[in-house]
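Quick note on numbering: the sequence shown equals residues 890 to 1188 in this note's numbering. Cβ coordinates follow ideal geometry from the N, Cα and C atoms, glycine included. In what follows, a structure is listed as structure tokens, so that the remarks can point back to it.
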Amino acid sequence: AEQHLLKSQDWGEQPAFPPWHRHWARTQARLKVTQGDLDGAVALLNEGETLYFSHPVPDSCPITALKARVWLLQGKLTEAQTWAHEQGLSATDTLSYLREFEHITLARLRIAQYKRDGNSDSIHEAADLLARLLVNAEAGRRMGSMAEILMLQALVYEVQHDTTAALGVLARALTRAEPAGYVRLFVDEGLPMMKLLQKINSEEAVMKRYCHTLLTAFGVQVKTQPSTRTPQSLVDPLSDRELEILALIAAGFKNKEIAEQLVISLNTVLYHNKNIYSKLGVNKRALAIARARGLGLIA
């Protein structure tokens, strides 16, 4: 990432693209957060904010919202609340894609406020807002937003000590995030997310390999144990790709959406579906899901 930023710095200094430094500062700040230099990240975002100018392309990821997220990591909830007030943000706002990042940040703020003071209004507001955001993100098929929203819903359940619900929602988040290979999205959530991933990893799941990747990024030594589930007792076991498609089917994705997620043709998806149904001995999606759950292939 550092090498790419250095290259972009060389290219961006050309006068053909004036906003380059603002974008560079935003990405460099993201790297600082990953490295744990939160003060350095805020300084870069402050610099990038001074370089902003209005132009026809809307900014769906405002620097001010990014700065609010860093404040949350620093425990500076008062500054983050001031940001939300200045932006006129409310959990009851009419939602739109252009402010989605800001509203997700507002949900993060409400979760943090609940952790600090235990005010149930804060966590209920976060839960309601996330539920509405998820509907909008699903309608727009914004997989990155869906993964983040579902992950935050898992954390909402976790802070309320409903581990079963938290793991169920987290499994949905992982299913959406796995095709794109998101890592920092989960790792940046720290210890609460690590503990949830350890719990979900201890159970047999299609996302086990992905869980290993995430836990390794946390610095956790993951022991690979022989599988104890029954699906491989099938006469013709499902392949890794078939398991991947099966997980997406169970998550409610249509064939065309699966093709787009996995960057394969629709015909390839249909071919795999035919094999999945044949191996499971079914002829419909609903029956395939029920059969797969019975065999422990999916949660």
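Query, Result
"Taking the alpha helix (DSSP H) that residue 1107 falls in, what are its first and last residues?", "Neither: residue 1107 is in no alpha helix (DSSP H) and is coded neither H nor E."
"Determine whether the beta carbon atoms of residue 962 and residue 1019 lie at a separation below 8 Å.", "no"
"Enumerate in chain order the residues of its own chain whose CB-to-CB distance from residue 1049 is below 8 Å, with the five nearest sequence positions on each side excluded.", "1012"
"Between 955, 911 and 1105, which has its C-alpha nearest residue 939's C-alpha?", "911"
"Quick check on the DSSP output: the alpha helix (DSSP H) that includes residue 1076 runs from which residue to which?", "1073-1076"
"Assign residue 1044 to one of three DSSP states: helix, strand, or coil.", "helix"
"Considering Cα atoms alone, identify which of 989, 1000, 1054 and 1047 is closest to residue 1023.", "989"
"Can you tell me whether residue 1103 is buried or exposed? The criterion is at least 16 other CB atoms within 10 Å of its CB, across all chains shown.", "buried"
"Starting from residue 879, trace the alpha helix (DSSP H) in both directions and tell me its first and last residue.", "Nothing about residue 879 can be reported from this structure: the residues present for the chain run from 890 to 1188 only."
"Assuming residue 1125 contacts residue 1088 under a Cβ cut-off of 8 Å, what Cβ separation, rounded to an integer in Å, is found between them?", "About 32 Å; that fails the 8 Å criterion."
"For the alpha helix (DSSP H) that contains residue 1166, what are its first and last residues?", "1155-1169"
"How is residue 1129 classed by DSSP in three states: helix, strand or coil?", "helix"
"Spatial neighbours of residue 972 within its chain, please: CB distance less than 8 Å, with the 5 preceding and 5 following residues excluded, ordered by chain position.", "953, 954, 956, 957 and 960"
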